[in-house]
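Per my numbering, the sequence shown starts with residue 5, numbered consecutively.
Just so you know, even glycine gets a beta-carbon here, dropped at the ideal spot from N, CA and C.
Just so you know, these numbers come straight off a predicted model, no measurement behind them.
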Amino acid sequence: MQQALHRSSLVPRGFVVESAYYEGNKAIVVVRASGSVGLCPSCGTVSRRVHSRYRRRVTDLPLSGRIVQLLVTARRFRCDAVLCGRQIFTERFGEGVLAPSARRTARLESIVHHLGLALGGRPAAVFARRLMLPVSKDTLLRVVRHRSHPPADPLRVIGIDDWAWRRNHRYASIVCNLERRRVVTLLPDREPATAQAWLAAHPTIAIVARDRGGGYGEAAAKALPHAVQVADRWHLMENASRAFLDAVRKSMRQIRTVIGATTIDPKLLTAAERLQYEGYLRREETNAVILALSKNGIPIKQIVRQTGHSRKLVRQVVRGECHDVFRTRQSSLDVHLPRLDEQWASGCRNGAELWRRLKGRGFRGSLRVISEWATRRRRAERTDTQNLQRIPSARTIARLMTIGRDLLTKAETITVAAIEAGVPTLVEAREIIAEFHLMIRRKTEAGLAPWIERARASLVASFASGVGRDQAAVRAAITSPWSNGQTEGRITRFKLVRRQMYGRGKIDLLQARLVGAE
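Here it is, written out as structure tokens:
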């Protein structure tokens, strides 16, 4: 059944349309309130005595590609209550219709708010002009700030992590409610005192998921001694893998001796490799001087003063972490390597043919790049001793020792076998790290204490000591369903919001956009 369209249905509820006309590119609608009485905002007394009338211009939703302005005839009433201090008041309109002194209707204000949340200031203002919504970028941000309401839900499980205002210079903190999957607040820094004060103000928190940094753990222990701390599982896995990489770096001199790559023929090197090799020789001279001073019992600070090198470099040399000859470089061919491996396995060994096939799939490199790759691949499949003269980087060795043997070439298999036979301490470190990964994947924490004792006597002793100091949080990470991965995801989204604002948003505006969007 068809119903007639009344003019009053085009304006917010509670208004009666008196007239409507066009004024340039605007549609002007004259309206008044449908009620006959007013409620005093101070005492709530009903009044029928009209003191005077005035007109308000209020912007509403656009209509037929035109800006709509409501010309509201508002009344002033007299308050008859004897004890009320207000004698004259302006009538109030319905909740969610028009706020006191507002220049936009509530439904338009809601759209402006959501535009500001989604796009920020300037992009939202440009988009609003296309929608015939006259609002500036400053107004959009002001509305987002004004309508921001921090969540009042009681907190039980939270995740806390840091994010960078400016990497390596200034950091802040983000707190998430892991149960409701939403951002709670942003803290201006990552100092333990700041986190401790915020945590102490929320005593209902029972579980704190955090990264492996000591600051948040210390703050949670002081503010909430009853709370269970949970270390982030992803960081535990990543730190374990990095510990094995450090073990490989410390063993590079032994690895080079075992493989037989202590002498390198410069005639076989390319120009780029020759530059790296010459730099390596210079570094070896520096390393020899630093190691000689260290063996004489001279402390690191004194070595820095005598040699003029940085403290970081001296510490790395003393710890045996600066012995790589050839460093890997990123290539435009990396994304196409799986396709090349497939073609090579299928029997295509001609560089020109491989290049033509790869070019049809979007490769923009030259024929020479593919030809060099094919030459290196042929040499890699030869199992003679000449292939062992160039030792891979520490990162490559760590990868070769931890992936499946069926994925290695013949030369790589021989390299790994030689390392395993000549450096048994490195094999032990790999087994220890693999056992730790298995504990996390299977959620079995019973063997954690024996693992720590075994790992402290290996090449990954530093990592094991860190796990031992944070043993309770690591046990909770293995057994608990909670982790800080959700917080990391919120940080990724937060970075997108900051980039939309060209990195210039203050912390209150960033918090308003993050909390309001959820």
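With which residues is residue 482 paired in a DSSP beta bridge?
-> Here residue 482 refers to the residue found at position 478 of the sequence shown. Paired residues: none, contrary to the question.
DSSP three-state call for residue 523: helix, strand or coil?
-> The displayed coordinates of the chain run from 5 to 522. Any statement about residue 523 would go beyond what the structure contains.
Where does residue 300 fall in DSSP's three states?
-> To locate residue 300, count along the sequence shown from 1; it is residue 296. Three-state result, residue 300: coil.
Residue 312, DSSP secondary structure in three states | Stepping through the sequence shown from its first residue, residue 312 is reached at position 308. Coil.
Quick one: what's got a C-beta closer than 7 Å to residue 223's C-beta in the same chain, skipping five residues either side?
-> Taking the first residue of the sequence shown as position 1, residue 223 is located at position 219. Excluding sequence neighbours, residue 223 sits near 196, 199, 200 and 203.
Compute the beta-carbon to beta-carbon distance between residue 405 and residue 423, rounded to the nearest angstrom, for a pair I have assumed lies under 8 Å.
-> On the sequence shown, position 401 is the one that residue 405 refers to. On the sequence shown, position 419 is the one that residue 423 refers to. With a Cβ gap of about 7 Å, residue 405 and residue 423 count as contacting.
With distances taken between CB atoms, is the gap from residue 36 to residue 24 smaller than 8 Å?
-> Here residue 36 refers to the residue found at position 32 of the sequence shown. Here residue 24 refers to the residue found at position 20 of the sequence shown. No, the Cβ-Cβ distance between residue 36 and residue 24 is not below 8 Å.
Give every residue of the same chain whose Cβ lies closer than 8 Å to the Cβ of residue 387, excluding the five residues on either side of it in the sequence, and list them in chain order.
-> Walking along the sequence shown from the start, residue 387 turns up at place 383. Residue confidence for residue 387 is low, a pLDDT of 46 falling below 50, so the modelled location carries little weight; the figure read from the coordinates is stated next. Hits under 8 Å: 414, 415 and 418.
How do the stretch 185-193 and the stretch 497-517 stand: do at least 3 beta-carbon pairs fall below 8 Å, yes or no?
-> yes
Exposed or buried, residue 300, counting other C-beta atoms within 10 Å across all chains shown (16 or more means buried)?
-> Numbered from its first residue, the sequence shown carries residue 300 at position 296. Answer is exposed; the Cβ neighbour count stays below 16.
Measure how close the beta-carbons of residue 351 and residue 375 come, nearest whole angstrom, since I'm counting them as under 8 Å.
-> Looking up residue 351 in the sequence shown gives position 347. Looking up residue 375 in the sequence shown gives position 371. Between residue 375 and residue 351 the Cβ distance is about 18 Å, and since that is not below 8 Å, they are no contact.
Anyone know if the C-beta pair for residue 234 and residue 480 falls short of 8 Å?
-> In the sequence shown, residue 234 corresponds to position 230, counting from 1. In the sequence shown, residue 480 corresponds to position 476, counting from 1. Going by C-beta atoms, residue 234 is nearer than 8 Å to residue 480.
Out of 72, 255, 52 and 102, state which residue places its alpha-carbon closest to the alpha-carbon of residue 430.
-> Indexing the sequence shown from 1 puts residue 430 at position 426. Here the closest residue by C-alpha is 255.
Can you name, in chain order, every residue of its own chain whose Cβ lies under 8 Å from the Cβ of residue 323, other than the five neighbours on each side?
-> On the sequence shown, residue 323 is found 319 positions in, with the first residue counted as 1. 254.
CB-CB under 7 Å to residue 119, same chain, minus the five flanking residues each way: which ones, in chain order?
-> Counted from its first residue, the sequence shown places residue 119 at position 115. Within the same chain, residue 119 has close Cβ partners 128, 131, 132 and 144.
With DSSP collapsed to three states, give me the class of residue 239.
-> Position 235 of the sequence shown, counted from the first residue, corresponds to residue 239. It is helical.
Give the single residue among 86, 151, 60 and 71 whose Cα lies nearest to the Cα of residue 106.
-> Counting from one through the sequence shown, the residue named residue 106 turns up at place 102. When only C-alpha atoms are compared, the closest one is 60.
Own chain partners of residue 250 with C-beta closer than 6 Å, once the 5 adjacent residues on each side are dropped = Walking along the sequence shown from the start, residue 250 turns up at place 246. Cβ neighbours of residue 250 beyond the five flanking positions: none.
Supposed contact pair residue 180 and residue 494 - C-beta distance, whole angstroms, cut 8 Å | As a first step, residue 494 must be located in the sequence shown, where it is residue number 490. As a first step, residue 180 must be located in the sequence shown, where it is residue number 176. The Cβ separation is near 5 Å, so the contact holds.
Give a yes or no on whether the C-beta atoms belonging to residue 112 and residue 65 are separated by under 8 Å.
-> For the purposes of this step, residue 112 is taken as residue 108 along the sequence shown, with counting starting at 1. For the purposes of this step, residue 65 is taken as residue 61 along the sequence shown, with counting starting at 1. Taking 8 Å as the Cβ cut-off, residue 112 and residue 65 qualify as a contacting pair.
Quick one: what's got a C-beta closer than 8 Å to residue 53's C-beta in the same chain, skipping five residues either side?
-> Locating residue 53 in the sequence shown gives position 49, counting from the first residue. Excluding sequence neighbours, residue 53 sits near 81, 82 and 84.
Can we say the stretch 155-173 touches the stretch 132-141, given the rule of at least three CB pairs closer than 8 Å?
-> no
Please report how far the alpha carbon of residue 100 lies from the alpha carbon of residue 115, in whole angstroms.
-> In the sequence shown, counting from the first residue as 1, residue 100 sits at position 96. In the sequence shown, counting from the first residue as 1, residue 115 sits at position 111. If you take the alpha carbons of residue 100 and residue 115, they lie about 13 Å apart.
Would DSSP call residue 219 helix, strand or coil?
-> Counting from 1 along the sequence shown, the entry for residue 219 is found at position 215. Correct three-state label for residue 219: helix.
Buried or exposed for residue 515, please, with buried defined as at least 16 other CB atoms from any protein chain shown within 10 angstroms of its CB.
-> Taking the sequence shown and counting its residues from 1, one reaches residue 515 at position 511. Counting Cβ neighbours within 10 Å, residue 515 comes out buried, since at least 16 surround it.
Quick one: what's got a C-beta closer than 6 Å to residue 478's C-beta in the same chain, skipping five residues either side?
-> The count along the sequence shown starts at 1 and reaches residue 478 at position 474. The answer, listed in chain order, is 235 and 471.
Entirely enclosed alpha helix (DSSP H) segments - the stretch 79-124, minimum 4 residues = 110-123
For residue 291, the three-state DSSP class (helix, strand or coil) | In the sequence shown, residue 291 corresponds to position 287, counting from 1. Note: residue 291 maps to helix in three-state DSSP.
Would you report the Cα separation of residue 28 and residue 124, rounded to the nearest angstrom?
-> Within the sequence shown, residue 28 is the residue found at index 24, counting from 1. Within the sequence shown, residue 124 is the residue found at index 120, counting from 1. Going from the Cα of residue 28 to the Cα of residue 124 covers about 30 Å.
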